[in-house]
Amino acid sequence: MSWTDPQEPSTSAAGAEVPTPADLDLGDDRTIPPAAAGPGSAPGEPSRRRSTLGRWVLIGVVIVVVSAVSAYLRRPEPVTQLGMDMFARIPSEQRDALTDDLRAAVGGRFDAMSTSEARTEVAALVQAGFARLDDARLARHLDLLVTAIFRAKEATCASFGRSSLGGTAVDEAVVLDLVNALETADLEEWYRLSVDAIAAEMAGEPPARTVSDAEVELALQPVYESWTVAEQEVVAVVIANLATASDADVCRAVRLAYDGTNLVPEADQAIISLYDMQAAPRR
21 MSWTDPQEPS TSAAGAEVPT PADLDLGDDR TIPPAAAGPG SAPGEPSRRR STLGRWVLIG
81 VVIVVVSAVS AYLRRPEPVT QLGMDMFARI PSEQRDALTD DLRAAVGGRF DAMSTSEART
141 EVAALVQAGF ARLDDARLAR HLDLLVTAIF RAKEATCASF GRSSLGGTAV DEAVVLDLVN
201 ALETADLEEW YRLSVDAIAA EMAGEPPART VSDAEVELAL QPVYESWTVA EQEVVAVVIA
261 NLATASDADV CRAVRLAYDG TNLVPEADQA IISLYDMQAA PRR
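Structure (structure tokens):
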């Protein structure tokens, strides 16, 4: 099967014709389809691909916030230069407020560290701190992630999709390109949420919380049920052919996978967001 030809139909395991990703309209005006299962599951079953979604979350937070740390320590390194440039996009008044708040939260904690050491420390603080944020901020973080995926260039979206859907680590440059796709106001908010997480962890309050597999599966059920059988087959086929699928098809599939998260209540969005953060490997 050629994934470069959007006119060529694919075939499901049962022999039924399934549209390729190019056949799907994922525009803002699409209607929510009847209930369907997630990719890789029979209709009505919860998806088993959940664990491959969102694993880039912590990586993106860490790189972006490390750029802020580097900025106020004035010790930029090549790996964070794009992050430094992104931080510079924020108006100076807001940028100063972010660095002041970060400094107030951590004191001199990073002063004697290399940027590499600071990255490791920030990773631990951010991951732990997100478990202390309220539902509204956790849900907003998820919304910003989805916005970045939809605003990113196709090649960046596809690079992210191959890793996210394949359950592998996302390249740092890809993460930076994704986050850099955000408009300036959203980018500032991304930083703000990350700094808030660090501040919460340093303060040790509110109490941290965790999310179980069962909770996130329940929260994601409306997302699974928003897919038609054709759509869940499309995502499944892309996952099975990640190495050969076109950028357009991979990007379409990963956007479909994230698109339905706006269907669930804020409390469930917070569960999804927190689950991604607590499950992501620290770097």
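Under the working numbering, think of the first position of the sequence shown as 21, with each following residue one higher.
C-beta: ideal position from N, C-alpha, C; glycine also.
Keep in mind the model is a prediction, meaning the values are calculated, not measured.
- For the options D288, A228, S183 and S293, the alpha carbon positioned closest to that of L238 is the one of D288.
- Secondary structure at N261: coil, using DSSP grouped into helix, strand and coil.
- In this structure, DSSP gives R152 a state outside helix and strand, which the three-state scheme calls coil.
- In this structure, V215 and L122 form a Cβ contact; the two beta carbons are roughly 5 Å apart against a cut-off of 8 Å.
- Secondary structure of R129 (DSSP, three-state): coil.
- Assigned with DSSP and collapsed to three states, G187 falls in coil, not helix or strand.
- By the 16-neighbour rule on beta-carbons within 10 angstroms, A178 is buried.
- Apart from sequence neighbours up to five positions away, the residues of its chain that approach A273 with a beta-carbon distance below 7 Å are P41, G181, L185, V254, V255 and V258, ordered along the chain.
- Between the alpha carbons of A263 and A228 lies a gap of roughly 39 Å.
- Selection A268, T230 and T281 evaluated against S246 yields T281 as nearest (Cα-Cα).
- Under the three-state reduction of DSSP, G280 is assigned to helix.
- DSSP places T248 outside both helix and strand once states are collapsed to three, so it counts as coil.
- Looking only at D131, L153, S183 and Y295, the smallest Cα-Cα distance to L213 is reached by L153.
- The beta carbon of E286 sits closer than 6 Å to those of D155 and A159, all from its chain and outside the five residues before and after it, given in chain order.
- By the Cβ-count criterion, D131 is exposed, with fewer than 16 other Cβ atoms from all chains shown falling within 10 Å of its own Cβ.
- Boundaries of the alpha helix (DSSP H) around E208: T204 to A223.
- Under the criterion of beta carbons closer than 8 Å, E235 and A148 do not qualify as touching, at roughly 19 Å.
- Assigned with DSSP and collapsed to three states, R229 falls in coil, not helix or strand.
- Separation of A143 and R129 (C-alpha to C-alpha, rounded to the nearest whole angstrom) is 14 Å.
- In the structure shown, the three-state DSSP call for I110 is coil.
- With respect to Y295, V190 sits apart: the two C-beta atoms are not nearer than 9 Å.
- Linking E141 to Y244 through their CA atoms gives a straight-line distance of about 36 Å.
- At a Cβ-Cβ threshold of 9 Å, F150 and S293 count as neighbours.
- As the crow flies, the alpha-carbon of A290 is around 33 Å from that of S134.
- Residue burial is scored here from C-beta neighbours: D197 has at least 16 other C-beta atoms within 10 angstroms and is therefore classed as buried.
- For A193, the enclosing alpha helix (DSSP H) stretches over residues E192 to N200.
- Around the Cβ of D279, a 10 Å sphere holds 16 or more other Cβ atoms; the residue is buried.
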